[in-house]
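Working notes, structure below.
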Amino acid sequence: MSKLWGGRFAKKTDSLVHQFNASIGFDARLYDEDITGSIAWAQGLVGAGVLAEQEASAIAAGLEQVRAEFATGAFAFTPDDEDVHTAVERRMTEIVGPVGGKLHTGRSRNDQVATDFRLWVMRACDEMQVWLANLQQALIESAEANLNLPLPGYTHLQHAQPVTWGHWALSHFWPLTRDAKRFTQVWEQASVLPLGSAALAGTAFPVDREFLAWALGFTAVSPNSLDAVSDRDFAADFLYAAAMTGLHLSRLSEQLILYSSSEFGFVRLDDGYSTGSSLMPQKKNPDTLELTRGKSGRLIGNLMGLLSTLKGLPSTYDKDLQEDKEPIFDAFDTLGLALPVMAGLIRTLQLRPERMAAQLESSLLATDLADYLVKKGMPFRQAHGVVGRAVQLAEEKGVDLTAVSLPELQSISELFGEDVTAVFQITTALANRSVSGGTAPDALKSQLQQAKNVTAKPQR
Ligand code: ARG
Numbered sequence: 009m010s011k012l013w014g015g016r017f018a019k020k021t022d023s024l025v026h027q028f029n030a031s032i033g034f035d036a037r038l039y040d041e042d043i044t045g046s047i048a049w050a051q052g053l054v055g056a057g058v059l060a061e062q063e064a065s066a067i068a069a070g071l072e073q074v075r076a077e078f079a080t081g082a083f084a085f086t087p088d089d090e091d092v093h094t095a096v097e098r099r100m101t102e103i104v105g106p107v108g109g110k111l112h113t114g115r116s117r118n119d120q121v122a123t124d125f126r127l128w129v130m131r132a133c134d135e136m137q138v139w140l141a142n143l144q145q146a147l148i149e150s151a152e153a154n155l156n157l158p159l160p161g162y163t164h165l166q167h168a169q170p171v172t173w174g175h176w177a178l179s180h181f182w183p184l185t186r187d188a189k190r191f192t193q194v195w196e197q198a199s200v201l202p203l204g205s206a207a208l209a210g211t212a213f214p215v216d217r218e219f220l221a222w223a224l225g226f227t228a229v230s231p232n233s234l235d236a237v238s239d240r241d242f243a244a245d246f247l248y249a250a251a252m253t254g255l256h257l258s259r260l261s262e263q264l265i266l267y268s269s270s271e272f273g274f275v276r277l278d279d280g281y282s283t284g285s286s287l288m289p290q291k292k293n294p295d296t297l298e299l300t301r302g303k304s305g306r307l308i309g310n311l312m313g314l315l316s317t318l319k320g321l322p323s324t325y326d327k328d329l330q331e332d333k334e335p336i337f338d339a340f341d342t343l344g345l346a347l348p349v350m351a352g353l354i355r356t357l358q359l360r361p362e363r364m365a366a367q368l369e370s371s372l373l374a375t376d377l378a379d380y381l382v383k384k385g386m387p388f389r390q391a392h393g394v395v396g397r398a399v400q401l402a403e404e405k406g407v408d409l410t411a412v413s414l415p416e417l418q419s420i421s422e423l424f425g426e427d428v429t430a431v432f433q434i435t436t437a438l439a440n441r442s443v444s445g446g447t448a449p450d451a452l453k454s455q456l457q458q459a460k461n462v463t464a465k466p467q468r
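Following my numbering, the residues of the sequence shown are numbered contiguously, the last one being 468.
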């Protein structure tokens, strides 16, 4: 057995070059798409009058046997199997005999690999929708279970204003809806049939490409064969969507790492989702979250790697394009673990309302105090300054803002009245933010409903 392209060569490929050139080590993952694509191509060749119906059936039966061998792990690779396309064709021809040699008529691995890869990415997008929807569901459950539980909200990691757990949990839900939308768009970008472009100029046999697109589930046919064999935009799009998803998971992780620390103590990770230290017996480490945060780096790296590979290329196929698959597989595998793991972590997360309450100090209500003065007619800029002085006074006296007496407040501004005590309530501060998208119970109720309505649905 020798190489499928060996005819014009007098010498064997150097063994290291063979190893360097081969992609079978990773592209065997495309076997299913490769076989599906080849069966459709055989049908296309029947339509073009190249293959007899019986010949196509024999080839298809052989390909199905190869598919079964791959699926059960029985497929026996040979040292000459360079990539999935040559391996599948080699084995199919062993099974069906010389007629197998007719399958590659009018086709090139250039349009073949682009077809296989697009089909694979489309399937990966569908899978991603399922994983995203599962995590979104977990966040909805967490939000709903403690919708109006108050905790401090932060900017610059400093106490800012009170918010609620429901609002916080849903703040990590919405980014995932944008991710889901991106993967829908990636699916659409990938859903263009390159098959029939052959090596670069288009096949010389009258194959019905509309039929091929329909048979393989593509929604469009590529309009230019030169572009079709070089276009990897869909792969870069996939990696961008994956990098963004990773970034969102990283943000959620980082926040939970802080919240689970002794200093915050707002949440406790379930034993099943944390790990211990080999040295310090007391430790319960958020490794799961740290890895999720860390893996966002490799997801960004995958995108950068592919963009760098694509940047230097002229149009049509160059072997550099073989480098397109591993970053995609890696991104898919990375999120295939990170998303379900995060969903489990959220579902088992214990909240510690008493620790949240302990941090709900009255400086979180300073804006509400300023708003109080605004409602009494003071311009906001001035009110901001007045409350600033009250905060300063409290700090000087070493007391809470609520402990500054009414006469003391009145010495700063006579607009302060008896009713000011009503401002110093977390529940009032929350209820005041009833604008849509705000943290008030009513607004949150409709936000939750909105979240339930849009939770990602698997593609087609
Ligand atoms: N293994 C190759 C790849 O992944 C298949 C296409 C090879 N085409 C070629 N003209 N050598 O890109």
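Beta carbons: idealized from backbone N, C-alpha and C, even for Gly.
The structure presented is a predicted model; accordingly, all values stated were derived computationally and were not measured.
Start-to-end residues for the alpha helix (DSSP H) that takes in residue i
i	result
residue 462	449 to 462
residue 415	414 to 420
residue 321	No alpha helix (DSSP H) contains residue 321, which DSSP labels as neither H nor E.
residue 118	117 to 153
residue 217	217 to 224
residue 23	23 to 29
residue 100	92 to 104
residue 437	434 to 440
residue 331	No alpha helix (DSSP H) holds residue 331; DSSP gives it neither H nor E.
residue 34	32 to 35
residue 88	First-last for residue 88: undefined, no H or E at that position.
Inter-residue Cα distance where the pair is residue i and residue j
i	j	result
residue 323	residue 119	14 angstroms
residue 461	residue 148	11 angstroms
residue 18	residue 123	32 angstroms
residue 33	residue 133	23 angstroms
residue 393	residue 188	44 angstroms
residue 400	residue 263	30 angstroms
residue 386	residue 405	26 angstroms
residue 255	residue 186	12 angstroms
residue 468	residue 356	For residue 468, the predicted model reports a pLDDT of 42, less than 50, meaning its position is unreliable and no value from the coordinates is stated.
residue 126	residue 307	20 angstroms
residue 260	residue 416	42 angstroms
residue 378	residue 409	13 angstroms
residue 9	residue 88	With a pLDDT of 46 at residue 9, under the threshold of 50, the predicted position of this residue should be treated as unreliable, though the coordinate-derived value follows. The straight-line gap from Cα to Cα measures roughly 7 angstroms.
residue 211	residue 232	12 angstroms
residue 437	residue 160	12 angstroms
residue 137	residue 414	56 angstroms
residue 303	residue 139	17 angstroms
residue 451	residue 443	7 angstroms
residue 466	residue 20	With a pLDDT of 48 at residue 466, under the threshold of 50, the modelled position of this residue cannot be trusted, and the question is left open.
residue 90	residue 77	18 angstroms
residue 383	residue 367	28 angstroms
residue 472	residue 340	What the structure shows of the chain is the stretch from 9 to 468, and residue 472 is not part of that stretch, so it cannot be assessed.
residue 395	residue 441	20 angstroms
residue 301	residue 456	26 angstroms
residue 253	residue 428	45 angstroms
DSSP bridge partner residues for residue i (one or two, in chain order)
i	result
residue 293	283
residue 359	275
residue 201	229
residue 167	162
residue 172	158
Identity of the residue in the options nearest residue i by Cα
i	options	result
residue 235	257, 261, 205	205
residue 26	38, 86, 46, 62	86
residue 131	197, 435, 325	197
residue 390	403, 421, 368	421
residue 73	109, 99, 242	99
residue 94	453, 314, 12, 113	12
residue 447	177, 257, 396	177
residue 167	219, 372, 252	372
residue 407	429, 434, 370	370
residue 200	181, 228, 193, 135	228
residue 317	332, 309, 96	332
residue 68	49, 57, 289	49
residue 162	272, 293, 312	272
Residue span of the beta strand (DSSP E) that contains residue i, given as start and end
i	result
residue 264	Looking at the DSSP string, residue 264 is not in any beta strand (DSSP E); the run it does join, the alpha helix (DSSP H), is 241 to 267.
Check whether the stretch 217 to 229 and the stretch 282 to 299 touch, using three or more Cβ-Cβ pairs below 8 angstroms as the test.
no
Does the stretch 172 to 183 come within contact of the stretch 142 to 156, defined as at least 3 CB pairs closer than 8 angstroms?
Yes, since at least three Cβ pairs between the stretch 172 to 183 and the stretch 142 to 156 fall closer than 8 angstroms, the two stretches touch.
Counting beta carbon pairs with one atom in the stretch 45 to 53 and one in the stretch 207 to 219, are three or more of them shorter than 8 angstroms?
yes
Would you call the stretch 100 to 118 and the stretch 58 to 66 touching, i.e. three or more CB-CB distances under 8 angstroms?
Inter-segment contact for the stretch 100 to 118 and the stretch 58 to 66 is present: three or more beta-carbon pairs are separated by less than 8 angstroms.
For the structure I just gave you, are there three or more beta carbon pairs, one from the stretch 344 to 352 and one from the stretch 362 to 372, closer than 8 angstroms?
Contact between the stretch 344 to 352 and the stretch 362 to 372 is absent, because fewer than three Cβ pairs lie under 8 angstroms.
Counting beta carbon pairs with one atom in the stretch 327 to 336 and one in the stretch 232 to 247, are three or more of them shorter than 8 angstroms?
yes
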